[in-house]
Structures are given as structure tokens and as C-alpha cells.
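Shown next, in C-alpha cells, is the structure this report addresses.
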Amino acid sequence: MSEPLTVIAKFTAKPEFAQAVGDGLAGQLDQTRAEEGSIDYHLHRDQTDPNVWIVYENWRSRADFDAHLEMPYTRQRTRVQGSGLQWIISGLPTRQLRNYPVTQSTSEREFTAV
């Protein structure tokens with residue numbers, strides 16, 4: 153059996169394309185989440201730099217992620233957004249070492265494993 157894959161991708165848009173890049177990423181959320189092999193797919197926008205978008209996604213396997221990259225809507229988004237990006241750090245493929253819940257102390261802003 154293949155190992156699950158976590159991908160963290162950072163997209164930095166040219167300022168004039170920031171919203172369009174975000175709209176493009178948001179526009180494929182439902183399609184991506186419905187793909188066979190997609191465990192979850194989350195889109196985030198940087199709180200201090202509105203030109204930066206982060207995608208955090210988990211896949212059943214590397215093959216499932218590779219299939220996602222070949223989907224017509226993914227390929228189309230990549231072509232369209234390519235000119236609006238300053239650079240892409242496309243994928244830090246990782247694997248989770250330990251699964252545990254995390255809590256946050258709001259007064260101290262410390263994170264601890266439970």
C-alpha cells in the first residue's frame with residue numbers, strides 16, 4: 153500500500169493579480185475535494201500579505217496527487233495563473249509523523265500537544 157502524501161504549496165501573486173489567483177484556487181475547491189484520493193484540501197490567505205495564498209492538501213497517495221495535477225481544471229488554472237504569479241513554491245511533499253490534536257491557549261498563544 154502506498155503512503156499518504158501531504159502537500160503544502162505557496163502561491164505569491166503579483167499585486168494586480170492577487171484576487172484572481174485566489175478566485176482561481178477557490179474555484180477548484182469542490183472539484184478537488186471530490187477527487188478520488190483527496191483526503192482534504194484547504195485554501196488559506198496570508199494575514200499580513202494579501203498576495204500570498206497557501207494550499208494545504210492531503211492525498212491518499214502520490215499517484216492520486218499526480219492524477220490531480222493532470223485534471224483539466226488544474227492544468228487550466230496553472231496556465232491562466234502562471235502570468236499572474238511572481239513565483240510558486242509548488243509543493244513541499246511531506247508525510248505526517250505523528251497524529252495528535254493540538255490546543256491553543258489564547259492568553260499565552262502557546263500551542264501544546266494533548
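Letter by letter, the sequence shown follows residues 153 to 266 of the numbering used here. Here a beta-carbon is modelled for each residue, glycine too, at the ideal position from N, C-alpha and C. This structure is a prediction, so every number in the text was calculated from the model and none was measured.
Exercise for review: Sort 161, 211, 182, 218 by Cα distance to residue 197 and report the nearest one.
Suggested key: 161
| field | Best match in 205, 218, 184, 199 for proximity to residue 225 [C-alpha to C-alpha] | value | Out of 205, 218, 184, 199, 184 has the C-alpha closest to the C-alpha of residue 225.
Pick from 154, 181, 216, 156 that is closest to residue 229, judged by C-alpha positions | 181
Quick one: Cα of residue 164 to Cα of residue 170, how far?
8 Å
**OP:** Check whether the Cβ of residue 202 lies closer than 7 Å to any heavy atom of the ligand ATP, and answer yes or no.
**Re:** Of the ligands one can find in the structure shown there are none, so the ligand ATP has no counterpart to examine.
| task | With residue 158 as the anchor, note down where its beta strand (DSSP E) starts and where it stops. | result | 157 to 165
TODO: Pull up the DSSP beta-bridge partners for residue 204, would you.
DONE: Beta-bridge pairing links residue 204 to 164.
| query | With residue 209 and residue 173 assumed to form a contact (beta carbons below 8 Å), what rounded beta-carbon distance in angstroms separates them? | reply | The Cβ separation is near 16 Å, so there is no contact.
So for residue 197, helix, strand or coil by DSSP?
strand
If we ignore side chains and look at the alpha-carbon of each, how far apart do residue 203 and residue 227 end up? Between residue 203 and residue 227, the C-alpha separation is close to 21 Å.
query = With C-beta atoms as the reference, is residue 205 less than 8 Å away from residue 190?
reply = no
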